[in-house]
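Worksheet: the structure to be examined is printed underneath.
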C-alpha cells in the first residue's frame, strides 16, 4: 500500500455500481508500489446514469491517469475512450483505460486474458475444448473472445437477453476462430463452464447453470469475487470438477492491468 500520499501521487479509479464488493484497490495500489510508482487506486460508486458526468470529471482532473471499470460500466467507458485496442473495439467493452501523453484516453479489455491464464493453471489446455460461457456482458464477451483466441473447439453463449446473446455470437463469428453458437444454461457435454454474470453474489440468486449436468471432467469458472467460493464453485467441487474462482481469475487479470498501465 502507499504509505504516504502527496500532490505528486497519481490517481486511478475503479468504478462500478455496486462497488463495495471489489477488493482490488488495495492489491492494485500495492502492485503499483512494487513497480516503484507513486499511485493509488480509489473505489468510485457511480450509477449508470451518472457515468458520463463522472468520466467528464476524470478527463478534467489532470492527476487521474487511469480508470478500471466493473459492472455495469464496461460498455459505457468504451464509448468515452478516444481509441481502443482491436479486441476492445470488437467487443465494444473496456475494463481498463489510461490517459495518454497527449491527453487522449486509450482502452482495452483484459478480463479474458486473465481468465485464460487462470484456466491454464488448472492444467487444462484450452485447445479444442468445448466451452459454455453464461453471460454476454462485458466480462463474458471478453472471456469468450479470449477463449476463441486460445483455440477452443467450440463456444456456446448463454444469456437471458436474447438480443445481447445474438449480438455477441454474431460478432465472435466474424473472427472465424471456431464454432460459436447460442445455448441454454445446461452444461451437458461441455469441457469448460464459465459464469460471467453477477448471479451468485446474493444468497437468493438462482444458480447460473444446471448443476445436475456438471461432471468431474469439467473445469468450472466463476467471475464473481464475492463470495470467494460461490455457490456454483461449491457445487462444481462437490461434483469433482476443477475450478477457477473469481479471486483466482482476478489475480491474473490484475497482472494484465498492471502491464497495461505501465506499457
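In the numbering used here, the protein residues as written are 72 to 334.
Glycine residues also receive a C-beta, built at the ideal position from the N, C-alpha and C atoms.
Item: Would you say the segment 262-272 touches the segment 288-295, given that touching needs at least three Cβ pairs under 8 Å?; Value: yes
Item: With burial defined as no fewer than 16 other Cβ atoms inside 10 Å of the residue's Cβ, what is the status of residue 347: buried or exposed?; Value: Since the first and last residues shown for the chain are 72 and 334, residue 347 lies out of range.
Item: Look at the alpha carbon of residue 211 and the alpha carbon of residue 97, and state the distance between them as a whole number of angstroms.; Value: 25 Å
Item: Short of 7 Å in beta carbon distance, which residues of its chain neighbour residue 184, apart from the five on each side in sequence? Order them along the chain.; Value: 217 and 327
Item: Going by beta carbon distance, what residues of the same chain come within less than 8 Å of residue 80, once the five residues before and after it are set aside?; Value: 73, 109, 110, 111 and 134
Item: Between the C-alpha atoms of residue 89 and residue 117, what's the straight-line distance to the nearest angstrom?; Value: 8 Å
Item: Expressed to the nearest angstrom, what Euclidean distance is found between the alpha-carbon atoms of residue 318 and residue 299?; Value: 6 Å
Item: Considering only residues of the same chain and omitting the five flanking positions on each side of residue 261, which have a CB-CB separation below 6 Å?; Value: 201 and 203
Item: How is residue 304 classed by DSSP in three states: helix, strand or coil?; Value: helix
Item: Which whole-angstrom value is the C-beta distance of residue 205 and residue 297, which I expect to be below 8 Å?; Value: About 18 Å separates the two Cβ atoms, so there is no contact after all.
Item: Any contact of the segment 238-251 with the segment 214-229, i.e. 3+ C-beta pairs under 8 Å?; Value: yes
Item: Given this structure, state the Cα-to-Cα distance separating residue 113 from residue 239, to the nearest angstrom.; Value: 31 Å
Item: Look at the alpha carbon of residue 244 and the alpha carbon of residue 214, and state the distance between them as a whole number of angstroms.; Value: 15 Å
Item: Tell me whether the beta-carbon of residue 278 lies closer than 8 Å to the beta-carbon of residue 306.; Value: yes
Item: Specify whether the segment 170-178 and the segment 128-146 touch according to this definition: at least 3 beta carbon pairs, one from each stretch, less than 8 Å apart.; Value: yes
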